[in-house]
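Chemist: Can you read through this structure? Questions will come right after.
In the working numbering, the protein residues as written are 7 to 144.
Structure representation (structure tokens):
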């Protein structure tokens, strides 16, 4: 091999394993073996992306209102007042609302806007996600 060039033949195997000194915590949890299907978490124990298991506890109040201001007379349903959730979860909620209502929608300035007067359907989606929907306004 010439000076200044690296070998590309694969070289020798690693002389040490950086994971040798890791200790499995006591408590009966065994690491998952690839290809064996014995993972430490079952598929039923992990909720779907963006969904939380509904418990008796509410995730907070969300106001649902109908608005036409600044939209050329078009009606939209606005869900606002979310606390403790990020943009990704709001976008997931908006997608579920759009699918449930069969209309378009968006997330703007922390609010979810769904086209048309869809307050009841939006309330159902929010209740299923663990929120406490409240109809506000007229």
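Where is the CB? At the ideal position from N, CA and C, for every residue including glycine.
So for residue 28, helix, strand or coil by DSSP?
Modeler: Three-state result, residue 28: coil.
Chemist: Label residue 139 either buried or exposed according to how many other C-beta atoms from any shown protein chain fall within 10 Å of its C-beta, with 16 as the threshold for buried.
Modeler: With 16 or more other Cβ atoms within 10 Å, it is buried.
Chemist: Starting from residue 85, trace the beta strand (DSSP E) in both directions and tell me its first and last residue.
Modeler: First-last of the beta strand (DSSP E) with residue 85: 82–86.
Chemist: Compute the beta-carbon to beta-carbon distance between residue 67 and residue 136, rounded to the nearest angstrom, for a pair I have assumed lies under 8 angstroms.
Modeler: Residue 67 to residue 136, Cβ: 12 angstroms. No contact.
Chemist: Compute the Euclidean distance between the alpha carbons of residue 57 and residue 131, then round it to the nearest angstrom.
Modeler: Its pLDDT being 47, under 50, residue 57 is placed unreliably in this model, and the value from its coordinates should be taken loosely. Approximately 11 angstroms, taken between the alpha carbons.
Chemist: Taking C-alpha atoms, which residue in 120, 91 and 87 lies nearest to residue 102?
Modeler: Considering only alpha carbons, the answer is 120.
Chemist: Apart from the five residues on each side of it in sequence, which residues of its chain come closer than 8 angstroms, Cβ to Cβ, to residue 133?
Modeler: Closer than 8 angstroms at Cβ, skipping near neighbours: 139.
Chemist: CB-CB under 6 angstroms to residue 100, same chain, minus the five flanking residues each way: which ones, in chain order?
Modeler: Counting only Cβ-Cβ distances below 6 angstroms, and skipping sequence neighbours, we find 111, 113 and 118.
Chemist: Measuring alpha carbon to alpha carbon, tell me which residue in 115, 109 and 97 is nearest residue 122.
Modeler: Among 115, 109 and 97, the Cα nearest to that of residue 122 belongs to 109.
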